[in-house]
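Here's the structure we're looking at; comments come further down.
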Amino acid sequence: MSMNNAPNVFLDPNANRFQVNIINEDHDNNETTQEDVGSDPPHYEETSFTDETHNRLRISYRPGKRELYDNFRQNGEKTEASLHPYDTHSKMYYLQTFGHNTMDPVPKIDYYRNTGSVSGNKLSRPSLLEIHEQLAKNIAVSTGSVERVANGESTAGDETAGSKDEENKTGFVKFGWVKGVLVRCMLNIWGVMLFIRLSWIVGQAGIGLGVIIILLATMVTSITGLSTSAIATNGFVRGGGAYYLISRSLGPEFGGSIGLIFAFANAVAVAMYVVGFAETVVELLKESDTLMVDESNDIRIIGTITVVCLLGISVAGMEWEAKAQVILLIVLLVAIANFFIGTVIPTNTEKKARGFFNYQASIFAENFGPDFRSGEGFFSVFAIFFPAATGILAGANISGDLKDPQSAIPQGTMLAILITTIAYIAVAICAASCVVRDATGNVNDTIVPGMSCNGSSACGLGYDFSRCASQPCDYGLMNNFQVMSMVSGFGPLITAGIFSATLSSALASLVSAPKVFQALCKDNVYKGLEFFAKGYGKNNEPIRGYVLTFVIAMAFILIAELNTIAPIISNFFLASYALINFSCFHASYAKSPGWRPAFRYYNMWVSLFGALLCCGVMFVINWWAALITYAIELFLYIYVTYKKPEVNWGSSTQALYFVNALDSALALTTVEDHVKNFRPQCLALTGAPMVRPALLDITHAFTKNNGLCICCEVYTGPRKLCVKEMNSGMEKKQAWLTKNKRKAFYAAVAADSFRDGVKSLLQASGLGRMKPNTLVIGFKKDWRSAPATQVENYVGIIHDAFDFELGVIIIRISQGFDISQVLQVQEELEKLEQERLALEATIKENDFEEGKRGICGFFKKASTLNISKHETKKESTINTMQSMHVGEFNQRLLEASTQFKKKQGKGTIDIWWLFDDGGLTILIPYILTIRKKWKNCKLRIFTGGKVNRIEEEKLVMASLLSKFRIKFADINIICDINIKPNKESWKFFEEMIEPYRLHESCKDITTAEKLKREAPWKITDAELEAFKEKSYRQVRLNELLQEHSRAANLIVLSLPVARKGAVSDYLYMAWLEILSKNLPPILMVRGNHKNVLTFYS
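Below is the structure:
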């Protein structure tokens, strides 16, 4: 193959489309010399590989296309259609990557989107059926189909471009990691605590323990930040912040419970921050003696005005809110810088009297150790400081408004934690290095020569503050909350910083609460909250949520005791942090292949430690608030679990269910079967479970909470149609079982014949030790009118079950099990009812329109009457059809289909235990009697015996049952089983099998042989004679059943076994027919002749 970049290669339609040319790194060189080509390693048919240090695999392009390639290298994004290696004259080649003989699409993100994705349109790739079937039959693909499919390239590009154009057109406001996350988190973490309480904390705990308190709080938030980053980078993150992260990881139960209290906590936090701002303003008014009413009412007035202003900024849009946040951050940074500058500005006499001496080693040494007072301790001081470290979710809470949440949340959150921690530590150390713990504020408290000193650092600096030990002082780290204002270069800037910290935190909470609440309402976890899911404007702003948050904030500003509610709010936030950490741990522990976070700097055990740490901190802060938080969360968790929202988010809880089930199944394989642990594990041939509900109900009665039940369906016919129908109905039928509280699995197979399908199910169903050991099948009521192949398949299934060593239970009820015709009629009636309701809605709409037209409606009355007549006619048609169908779908059939759902009255379960099959015949009815619906039924035992040993046989059977610990009401020994049946019964049996007899004995040998070849399924005279005694027995048993068990609630009877190759299918079906005819519901049971009962402990 020539590697020259010659024009004829591009024009040749037969050229290999996978050809790759080797060219030098300098792409300005259009040609590759023959010497260079010759020095390369051998080239293969599709691709060539060469040393990257000298050459590079490069795409060949036609002359004139270099500009496109250069743009691609610079910008990094071009549609593939605009940069195809072979831009031939054929549109087919131009649109597709691999030529025109494939429908296979190239990998593209649009195939992996969710339906309704806002970031791009979802595309549907060709199904496996289209790839596998259609192209095999018709290799040539038309130009039209290429234009339509085009390997998904042009379509995806156009749709994605369209969505981007729409995004640009509507003007979505999306933030980067700095403005969207970093700024918000820093503002929310830096609060009033920085300016007012940090000096007091370091005064109580000292520099050493003070730094430990800050680092301990940072440890909690840092671990939470790492967990948040891991979850946020494990897939696309939508709006909803903490709620979204938790709900998509742990499921709606945890997410729904924490989401509601997290949104409420943010709403109340607005009130807390606004009151903090109002209190500072009122303090200033108080100093200047300009109070409006009184302190408490002034706080309410200023708080109300502030909340209204903040609401206006929020409702104006996220862009305005972001600008306000940036301004507040600048003010805050200036205030912090003002403090550091003030520490190096030489102090004056007034400040010295208040305890400020600039940086002094003696003050640092004195303040390094703790000096807890007023009953404070390490944990109480930590509890006061910790709320200052919260706020790390401020950026994640607006995840829906970020350009790239996956990179923005980790970068912004972790950097904000680092910066704010450094600031806290720096302010604490600087304040404790400059200011003593106690000062009087009196400039005359200086030390004069000859005066004794108490040895404090203030004494060494010329001031005597010793009287603070005996009487309260107003200044120093321990006494003055305005230390930062005193130390700073310009005091009013600290006040501005307090304003900035409170307002920014309030604004962040006012935005976070509605965003989280809107995401919660959109998911419809709580049914009554859909009203708040609606968004407005280009950014889908939750205006209704803003109003609700405003109302909650106003309520707590006006009436609430914020000092009481504050610990609960802190615990609400900590509960969120704990669940985020637990989500990260849980997702890692579940080992789901879908857990692939791009952020790698996390550890599952560190996340678990963080979750436990958060729970511990909750109790440290306030034990009763922690208990209230847990109680509220537990209540909401139970509520959401009970309501079971119809969502599927692929949570780690689901993944862990699978892992646990798999581990349990594997562990079960190492446990040897024991007869004491035997339980019926049934494979029930119900077809679609809703079609034979009675068969499922009786099977479920002895497998519920006790054994495995698999409802099986076999599809026969063309494989393509069968597989399509089977796959489309799989989830629907399993959902029906779940909805109707049937603890069973649904399984279906597609096979060439019914018997082949059942063979597959008998061999392959189940997993490990959880495999069926009993086949449950309904009696084939129509065997006399059914084709011979169906009867052969039915009896063959019973033979197959015995071959695979399964027990068999054949169940018969008088009306039969199949109610498919009833379901069809009900479906038709439901459609008619829907049409009637739609017609009524149309008429009401027309009446309303005519009413609006006033007098004109009068002249339209005739048309309304026509519609009404039509409606009356329609209703009469419906009523006629309903009355007509009442007889058709047979009310008795419906009643029979629900008979096992009802509680059985007082009666008996008659057990005809004629043959020892291992004990299954006696175990099944025993299990039934321990069920609530069957507990009023007593067991009566019938078994064969000799006339002269009736009492002995009774004692033997009673002893056996007592050893098995099975209670019974009565034991009956039947001595006349083997006598001939009466003539009428035998005549009925002979008439029943007459159509299926061969009667070869009355024909010549040739004719008889021919008949055998033509109808091998018929009953021969020799066979009938050979099994005449057995036939007598079945007929006689029916007579005995009619005599003794006609009034029983249920009959359990030993199933006769037909020898393969000896008993024909129709003779066996005749035995089952005569055995179970005209009786109450009957279970014909035959175990696999292995013990299922034991009397050993």
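Take 1 as the starting number for the sequence shown in the numbering used here and just add one per residue. We put the beta carbon where it would ideally sit given N, CA and C, even for glycine.
What whole-angstrom Cβ distance do residue 439 and residue 355 have, given they're in contact under 8 Å? Counting from one through the sequence shown, the residue named residue 439 turns up at place 439. Counting from one through the sequence shown, the residue named residue 355 turns up at place 355. With 8 Å as the limit, residue 439 and residue 355 qualify as a contact, their Cβ atoms being about 3 Å apart.
Thinking just about the alpha-carbon of each residue, which of 256, 344, 174, 329 is nearest to the one in residue 524? Numbered from its first residue, the sequence shown carries residue 524 at position 524. The closest CA to that of residue 524, considering only 256, 344, 174, 329, is found on 256.
Beta strand (DSSP E) segment containing residue 938, residue limits: If you number the sequence shown from 1, residue 938 lands on position 938. Per DSSP, residue 938 belongs to the beta strand (DSSP E) from 937-944.
For residue 1070, count the other beta carbons within 10 Å of its own beta carbon; 16 or more makes it buried, fewer makes it exposed. Which is it? For this step, residue 1070 is matched to residue 1070 along the sequence shown. Around the beta carbon of residue 1070, a 10 Å sphere encloses 16 or more other beta carbons of the protein chains shown; the residue is thus reported as buried.
What does the alpha-carbon distance come out to for the pair residue 1064 and residue 837? The count along the sequence shown starts at 1 and reaches residue 1064 at position 1064. The count along the sequence shown starts at 1 and reaches residue 837 at position 837. Distance between the alpha carbons of residue 1064 and residue 837 is about 56 Å.
Alpha carbon to alpha carbon, how far is residue 1048 from residue 809? Give it in angstroms, no decimals. Residue numbering aside, residue 809 sits at position 809 when the sequence shown is read from its first letter. Residue numbering aside, residue 1048 sits at position 1048 when the sequence shown is read from its first letter. When rounded, the distance between both Cα atoms is 19 Å.
Cβ-Cβ distance between residue 264 and residue 576 below 8 Å: Your numbering for residue 264 matches position 264 in the sequence shown. Your numbering for residue 576 matches position 576 in the sequence shown. No. Outside cutoff.
Figure out for me which residue from 937, 249, 952, 127 has the closest Cα to the Cα of residue 592. Working through the sequence shown from its first residue, we reach residue 592 at position 592. Closest by alpha carbon: 249.
Report all residues from its chain with a CB closer than 8 Å to the CB of residue 980; omit the five preceding and five following residues, and keep chain order. As a first step, residue 980 must be located in the sequence shown, where it is residue number 980. Here the set comprises 986, 1032, 1036.
Between the region 780-796 and the region 725-735, do three or more beta carbon pairs fall short of 8 Å? Segments in contact, no.
For residue 531, the first and last residue of its enclosing beta strand (DSSP E): Looking up residue 531 in the sequence shown gives position 531. Segment: none, residue 531 is in no beta strand (DSSP E) and carries neither H nor E.
For residue 356, does the three-state DSSP call read helix, strand or coil? One-based indexing of the sequence shown puts residue 356 at position 356. If DSSP states are grouped into helix, strand and coil, residue 356 belongs with the strands.
Are the beta-carbon atoms of residue 610 and residue 223 separated by less than 8 Å? Taking the first residue of the sequence shown as position 1, residue 610 is located at position 610. Taking the first residue of the sequence shown as position 1, residue 223 is located at position 223. Cβ distance < 8 Å, so residue 610 and residue 223 count as in contact.
Put residue 624 into one of helix, strand or coil per three-state DSSP. Taking the first residue of the sequence shown as 1, we reach residue 624 at position 624. In the structure shown, residue 624 sits in a helix (DSSP, three-state: H, G or I).
By how many angstroms is the C-alpha of residue 689 removed from the C-alpha of residue 811? Numbered from 1 along the sequence shown, position 811 holds the residue referred to as residue 811. Numbered from 1 along the sequence shown, position 689 holds the residue referred to as residue 689. Between the alpha carbons of residue 811 and residue 689 lies a distance of about 16 Å.
Can residue 910 and residue 1074 be called in contact, C-beta distance under 8 Å? Start at 1 with the first residue of the sequence shown, and residue 910 comes out as number 910. Start at 1 with the first residue of the sequence shown, and residue 1074 comes out as number 1074. Contact flag unset, no.
Put residue 1084 into one of helix, strand or coil per three-state DSSP. Locating residue 1084 in the sequence shown gives position 1084, where the first residue counts as 1. Looking at residue 1084 - three-state DSSP - the assignment turns out to be strand.
Nearest chain C C-beta to residue 957 closer than 8 Å, yes or no? Any reference to chain C falls outside this structure, which holds one protein chain only.
Can at least three beta-carbon pairs, one atom from the region 934-946 and one from the region 966-979, be found at a separation below 8 Å? yes
Since residue 229 and residue 546 are thought to touch, with beta carbons under 8 Å apart, how far apart are those beta carbons, to the nearest angstrom? Taking the first residue of the sequence shown as 1, we reach residue 229 at position 229. Taking the first residue of the sequence shown as 1, we reach residue 546 at position 546. The Cβ separation is near 29 Å, so there is no contact.
For residue 809, the first and last residue of its enclosing beta strand (DSSP E): In the sequence shown, the residue the question calls residue 809 occupies position 809. Start and end: 807-812.
Residues near residue 870 by beta carbon distance below 6 Å, same chain, minus five either side: One-based indexing of the sequence shown puts residue 870 at position 870. Low confidence applies here, because residue 870 scores a pLDDT of 45, under 50, leaving its location unreliable and the question unanswered by this model.
Once DSSP output is grouped into helix, strand and coil, what is the label at residue 599? Locating residue 599 in the sequence shown gives position 599, counting from the first residue. Residue 599 falls in the coil class under three-state DSSP.
For residue 360 and residue 457, which I take to be in contact (beta-carbon distance under 8 Å), what is that distance rounded to the nearest angstrom? For the purposes of this step, residue 360 is identified with residue 360 of the sequence shown, where counting begins at 1. For the purposes of this step, residue 457 is identified with residue 457 of the sequence shown, where counting begins at 1. About 7 Å; that satisfies the 8 Å criterion.
Neighbourhood of residue 350 by C-beta, 8 Å cutoff - its chain only, sequence neighbours within 5 removed: Position 350 of the sequence shown, counted from the start, is the residue given in the question as residue 350. Same-chain partners within the cutoff: 443.
Identity of the residue in 373, 827, 538, 651 nearest residue 1099 by Cα: Only positions 1 to 1097 of the chain appear in the structure, and residue 1099 is not among them; the question remains open.
In the DSSP assignment, find the unbroken beta strand (DSSP E) run with residue 425 in it and report its ends. Walking along the sequence shown from the start, residue 425 turns up at place 425. Premise fails: residue 425 lies in the alpha helix (DSSP H), 405-434, not in any beta strand (DSSP E).
Per DSSP, what kind of secondary structure is residue 1019 in: helix, strand or coil? Taking the sequence shown and counting its residues from 1, the one referred to as residue 1019 is at position 1019. Strand.
Rounding to the nearest angstrom, what Cα-Cα distance links residue 553 and residue 242 in this structure? Numbered from 1 along the sequence shown, position 553 holds the residue referred to as residue 553. Numbered from 1 along the sequence shown, position 242 holds the residue referred to as residue 242. Cα to Cα, the separation comes out at about 21 Å.
Which of the three DSSP states, helix, strand or coil, is assigned to residue 464? Translated into positions along the sequence shown, residue 464 becomes position 464. Of the three classes helix, strand and coil, the one that applies to residue 464 here is coil, per DSSP.
Is the region 206-213 touching the region 495-513, taking contact as three or more C-beta pairs under 8 Å? The region 206-213 vs the region 495-513: no contact.
Could you check which residue in 566, 123, 260, 558 has the C-alpha nearest to that of residue 387? Residue 387 sits at position 387 when you count from the first residue of the sequence shown. When only C-alpha atoms are compared, the closest one is 566.
Three-way DSSP call (helix, strand, coil) for residue 745 in this model: Residue numbering aside, residue 745 sits at position 745 when the sequence shown is read from its first letter. Reduced to three states, the DSSP call for residue 745 is strand.
Kindly indicate the opening and closing residues of the beta strand (DSSP E) around residue 972. Residue mapping note: residue 972 aligns to position 972 of the sequence shown, counting from 1. Residue 972 -> beta strand (DSSP E) spans 970-974.
Helix, strand or coil at residue 646 according to DSSP, with G and I counted as helix: Start at 1 with the first residue of the sequence shown, and residue 646 comes out as number 646. Note: residue 646 maps to coil in three-state DSSP.
If you measure from the CB of residue 548, is any heavy atom of the ligand PLP nearer than 7 Å? Ligands displayed in this structure: none; no statement on the ligand PLP is therefore possible.
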